[in-house]
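A.B. asks: Residue numbers (my numbering): -3 to 445.
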């Protein structure tokens, strides 16, 4: 499970993706991320960060954006496009930070009995408190609240839509699992999980009943659901996308057969499930060849389009943008490389291993302790004998044993001074579950915390 980082720069460079103009870098006039230390009932002991764009309407929408295991709200802020898109479209972003432990660190609780009951406590109640805080503090629109997240955050997205259908208008879950997939905390870690072990198979009726039982007697409108999964994901198996489709189509009373299929972008295979009025209630993307590494470029914009937040009818902003317009000179026809040449710098590495009898997962946090930003990186380390990487996230890995080089992917090539990026992998082992050694970042030795 995963967390993603992304370089923040001062100039905005648009990327046209699937018919949308997507700012991939933060404009110079962007607002800043702010931590809120007191936001109401917080049984999950979570931290809250909020991004409130300067350019926003009187009643802005709210997007709750949730990180993967081992991550944090500030990390997902830096590593995803939701904040930069908020500068364009004027919505507020809440970035919760999870603190729960279930074989991984900092995961959203989707396994406990308390978290599976509306108002039962744990993380879901904390997230609702954050939403209410934003509505009171910034006059956010209570009818335009959305959830999204990656891996553990994608799981919590489905969770929140099931528990609080009267709060959320829609959600976009990246690499998630159906609501009520995990039996308990012991079922959560890979290697021992029935949910993510690759054999989870319930009927659509069973999945749908789980959602209906989360809020007994509820008969109001349900939030629309968008689902994303990589076909080569082995950490959260791709087969769980179909299980999640079956859950939500059953909740909406829709056929398991999509009403339309298309490929809006290369390798993005989309299935849509519309009701009798033609409204798409469930939308599912199969990303061909992708592992546990979503969202990647353009996917946040597609989620916002599904939410309806990219419509040009957004009310005028309360704070005008800078009076100096962007340059009218078009960008060069040959775009710059997405990953600039690496630069050397001091670093610190923190390693967290979760092992079972013949496998393990490992999260590696790389912190830039140098005096200048890192733009493009390669982390070299040595795996203990008998360990072989089987899948990874937030980096590419080569080879899969011995001395391994992990290289940044498109969205996390930049590490600012004192900033960090978290990567990870799943590996098999033959009895030696020790952590790697001999870390170097762009050729410079790293200290290991």
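Idealized CB from N, CA, C, for every residue including glycine.
The model shown is predicted, which means the values in this text are computed figures rather than measured ones.
Give the secondary structure of residue 264 by DSSP, where H, G and I count as helix, E and B as strand, and everything else as coil.
C.D. replies: strand
A.B. asks: Helix, strand or coil for residue 199? Go by DSSP, reduced to three states.
C.D. replies: coil
A.B. asks: I'd like to confirm the pairing. Which residues does DSSP put opposite residue 281 in its beta bridges?
C.D. replies: 224 and 266
A.B. asks: Using the beta-carbon count (16 or more within 10 Å), is residue 399 buried or exposed?
C.D. replies: So residue 399 ends up on the exposed side.
A.B. asks: Compute the Euclidean distance between the alpha carbons of residue 317 and residue 52, then round it to the nearest angstrom.
C.D. replies: Residue placement at residue 317 is poorly supported in this model, since its pLDDT is 42, which falls under 50; the coordinates still yield a value, given next. Roughly 10 angstroms separates the two Cα atoms.
A.B. asks: Can you list, in chain order, the residues of its chain with a C-beta nearer than 7 angstroms to that of residue 191? Leave out the 5 residues immediately preceding and following it.
C.D. replies: The answer, listed in chain order, is 173, 177, 178 and 183.
A.B. asks: In the DSSP assignment, what residue or residues form a beta bridge with residue 28?
C.D. replies: The partner list for residue 28 (beta bridge, DSSP) is empty, contrary to what the question assumes.
A.B. asks: Quick check on residue 371: buried or exposed, where buried means 16 or more other Cβ atoms within 10 Å of its Cβ?
C.D. replies: buried
A.B. asks: So, at 7 angstroms on beta carbons, what are the nonlocal neighbours of residue 428 in its own chain, with the 5 sequence-adjacent residues on each side left out?
C.D. replies: 380, 381, 382 and 383
A.B. asks: Determine which residues share a DSSP beta bridge with residue 45 and list them.
C.D. replies: When beta bridges are read from the DSSP output, residue 45 appears opposite 31 and 91.
A.B. asks: Flag this pair as yes or no: are the beta carbons of residue 68 and residue 93 separated by less than 7 angstroms?
C.D. replies: yes
A.B. asks: I'd like the span of the alpha helix (DSSP H) that includes residue 242, first residue to last.
C.D. replies: 235 to 248
A.B. asks: Quick one: what does DSSP say residue 175 is sitting in, helix, strand or coil?
C.D. replies: coil
A.B. asks: Output the distance between the C-alpha atoms of residue 333 and residue 410, rounded to the nearest integer angstrom.
C.D. replies: Note on residue 333: pLDDT 44, under 50, position unreliable in the model; the coordinate value appears next. Between residue 333 and residue 410, the C-alpha separation is close to 13 angstroms.
A.B. asks: If you run the structure through DSSP and keep just helix, strand and coil, what is residue 410?
C.D. replies: Strand at residue 410.
A.B. asks: Could you tell me the boundaries of the alpha helix (DSSP H) in which residue 52 lies?
C.D. replies: No alpha helix (DSSP H) holds residue 52; DSSP gives it neither H nor E.
A.B. asks: Using the Cα positions of residue 322 and residue 171, report the straight-line distance between them to the nearest angstrom.
C.D. replies: Legend: pLDDT at residue 322 = 43, less than 50; position of this residue unreliable, value from coordinates given subsequently. C-alpha separation (whole angstroms): 36 angstroms.
A.B. asks: When you compare the stretch 110 to 117 with the stretch 131 to 150, are there three or more beta-carbon pairs, one atom per stretch, that lie closer than 8 angstroms?
C.D. replies: Contact between the stretch 110 to 117 and the stretch 131 to 150 is absent: fewer than three C-beta pairs spanning the two stretches fall below 8 angstroms.
A.B. asks: Which residue comes first and which comes last in the alpha helix (DSSP H) that contains residue 231?
C.D. replies: No alpha helix (DSSP H) contains residue 231, which DSSP labels as neither H nor E.
A.B. asks: What residue range does the alpha helix (DSSP H) around residue 130 cover?
C.D. replies: 118 to 134
A.B. asks: By a C-beta neighbour count over all protein chains shown, 10 Å radius and 16 as the cutoff for buried, is residue 31 buried or exposed?
C.D. replies: exposed
A.B. asks: CB-CB under 6 angstroms to residue 433, same chain, minus the five flanking residues each way: which ones, in chain order?
C.D. replies: 378
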